[in-house]
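Residue 178 is where the sequence shown starts when you use this note's numbering, and the numbers rise one by one after that. Note that beta-carbon positions come from the ideal geometry of N, C-alpha and C, so glycine has one too. Because the structure is a prediction, the values reported are computed rather than measured. A short write-up of the structure that comes next.
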Amino acid sequence: MKLFPFSLIIAILALSSCSSAAKSNKQASKETMLNIPQFNADSAYLYTKTQVDFGPRVPNTKAHDECGAYLVNQMERFGAKVIQQKADLKAYDGTILHSNNIISSFNPAAKTRILLCAHWDSRPYCDHDPNPANYHQPVLGANDGASGVGVLMEVARQLSQQQPTVGVDIIFLDSEDDGTPDFYKGAQDENSWCLGTQYWATHLEPANYHARFGILLDMVGAPNATFYKEQESMNNAPDIVAKVWNQAKEDGFSAFFVDQDGGAITDDHVFVNRLAGIPCIDIIQEDLNSPTGFASYWHTTHDTMANIDRTTLLAVGQTLLGVIYKEKP
Ligand code: AHN
Ligand code: ZN
């Protein structure tokens, strides 16, 4: 008779321990599913500065080629399969630009893919500088170019440490910023911008490439930057805008990702949408009160590391990681 209650206690203990083990396993697997890495803003800052230290990355210059080699080397170190898509592209004035789109694939076998991109070239003209004597100086491009690439390099480093369930392709697009300068007396031409993207979207690599959606970063490093819901993004991929802005809100970054419509901008995402048929949005700093629509140092000699802030890099990078690691195949 004494044995019965004892075995009952054992049975109860076994049952309860079993159910608590099952519960903690369930919790653990839920947490593993939502294990979103921490974006390191110092690292993104350093990747941005390293590019800037090469000098302006204007196509056909030594700094451009050296920085390109650095980017390829880093992405290979992060375990990506890297393709360099080289092409000679014609600028608005007939100049032939030796262009190089740097395409890095993570988890290339995965069917469901996300495209992340940013331009890595610098503009050859400071055509919005307050001093006209600087119009033919190249832009250093700390914010306009290097910041987007810097954030994506840190995302790549995170991808190398923890693989998400979807595949990710990161393209550093070239020859974005050779568009018709303001001082040119002839016609402005929309198609003079984003030459590298226009080439990629009509000569897709990897072959037959498709992604569920794309996110372009452009000028994502300035202190207190404001990203509005850019109009071309809203027209082509409103659900992706909502996904990104909701993730930013969840992470506490709504001061950067403003819940308000912005202007329409001719940027790389327009050609990804139009020519490659991939719904793509643009996270781009807009200043709705400035005459150009952009910050005062845009396309001037003041686009330097002094205008790069780790908190902005963090807001953009952490939001991207949330979106990537939550996406289901
Ligand atoms: C135009 O000015 C037409 N588009 C801006 C695209 C751009 C230039 N983004 C950075 N630099
Ligand atoms: Zn620019």
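Item	Value
Cutting at 6 Å between CB atoms, please list the residues of its own chain near residue 486, excluding the five before and the five after it.	400
Determine the direct distance from the alpha carbon of residue 422 to that of residue 435, and round the result to whole angstroms.	8 Å
Can you pull the DSSP bridge partners for residue 348?	280 and 294
Can you find the residues in the same chain that come closer than 6 Å, C-beta to C-beta, to residue 344, ignoring five residues on each side of it along the sequence?	284, 287 and 290
Kindly indicate the opening and closing residues of the alpha helix (DSSP H) around residue 471.	First-last for residue 471: undefined, no H or E at that position.
Okay, do the segment 369–385 and the segment 427–447 touch, 3+ Cβ pairs below 8 Å being the bar?	yes
Name the one or two DSSP bridge partners that residue 258 has.	282
Since residue 365 contacts residue 374 with CB under 8 Å, what's their CB separation in whole angstroms?	With 8 Å as the limit, residue 365 and residue 374 do not qualify as a contact, their Cβ atoms being about 18 Å apart.
Helix, strand or coil: which one does DSSP assign to residue 325?	helix
Straight-line CA distance for residue 253 to residue 384?	20 Å
Say the cut is 7 Å; is the CB of residue 354 nearer than that to a heavy atom of the ligand ZN?	yes
Taking the alpha carbon of residue 211 as the reference point, which residue from 439, 494 and 342 has its own alpha carbon closest?	342
Which whole runs of the alpha helix (DSSP H) in the segment 351–416 are 4 residues long or more, in chain order?	372–379 and 408–413
By the DSSP assignment, the beta strand (DSSP E) with residue 437 in it spans what residues?	434–438
Buried or exposed: where does residue 497 fall if 16 or more other Cβ atoms within 10 Å of its Cβ makes it buried?	buried
Taking residue 275 and residue 237 to be in contact with their CB atoms under 8 Å, please state how far apart those CB atoms are, rounded to whole angstroms.	6 Å
Whole angstroms are fine: how far does the CA of residue 396 sit from the CA of residue 225?	11 Å
Return yes when the Cβ of residue 327 is within less than 8 Å of the Cβ of residue 405, no when it is not.	no
Which term fits residue 216, buried or exposed, when burial requires 16 or more other beta carbons within 10 angstroms of its beta carbon?	buried
What is the DSSP secondary structure of residue 464, reduced to helix, strand or coil?	coil
Relative to the C-alpha of residue 321, which candidate in 499, 495, 346 and 482 has its C-alpha closest?	482
Can you find the residues in the same chain that come closer than 6 Å, C-beta to C-beta, to residue 256, ignoring five residues on each side of it along the sequence?	337
Can the beta-carbon of residue 415 be found less than 8 Å from the beta-carbon of residue 317?	no
Whole angstroms is fine: what's the gap from residue 493's alpha carbon to residue 467's?	23 Å
Within 7 Å: the Cβ of residue 300 and any heavy atom of the ligand ATP?	The ligand ATP is absent from the structure shown, which contains only the ligand AHN and the ligand ZN.
Please find out if some non-hydrogen atom of the ligand AHN comes closer than 7 Å to the beta-carbon of residue 442.	yes
Around the Cβ of residue 454, are there at least 16 other Cβ atoms within 10 angstroms (buried) or fewer (exposed)?	exposed
In the DSSP output, what is residue 266 paired with across the bridge?	274
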